[in-house]
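With this note's numbering applied, the sequence shown has no gaps in its numbers, which climb one by one up to 75 at the end.
Worksheet: the structure to be examined is printed underneath.
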Amino acid sequence: MKLWKVALWIATGGFIAWVVHHDPLIYAIGFVGLVVFVGSGWLAFWLAGRIERGFQVLAERRRENVFRREVLDSDEE
């Protein structure tokens, strides 16, 4: 099971138990679940952005290499 699903279940269970019992331990469990859920979502978006930027850099380098090859080929002729 994915981490965000586990965190969502913990947060949901903590909220339901908080509504029913009003126990400070339940507050802590719900808060930890919520932090893990939000943190894992933030981490996923951050990693996706880094991966996307990496692909953009690779594409730019590839374009520069093709341009350099074309310039070198035209100089040789």
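Cβ atoms here follow ideal geometry from the backbone N, Cα and C, with glycine treated the same way.
On a predicted model such as this, the values are computed, not experimentally measured, just so you know.
* **Presumed contact (8 Å Cβ cut-off) between Ala5 and Gly31, rounded CB distance** => 5 Å
* Spatial neighbours of Val34 within its chain, please: CB distance less than 6 Å, with the 5 preceding and 5 following residues excluded, ordered by chain position. => Ala5
* **Alpha-carbon to alpha-carbon, Phe13 and Ala38** => Here residue 38 is Ser; the residue named in the question, Ala, does not match the sequence. Rounded to whole angstroms, Ser38 and Phe13 show a C-alpha spacing of 19 Å.
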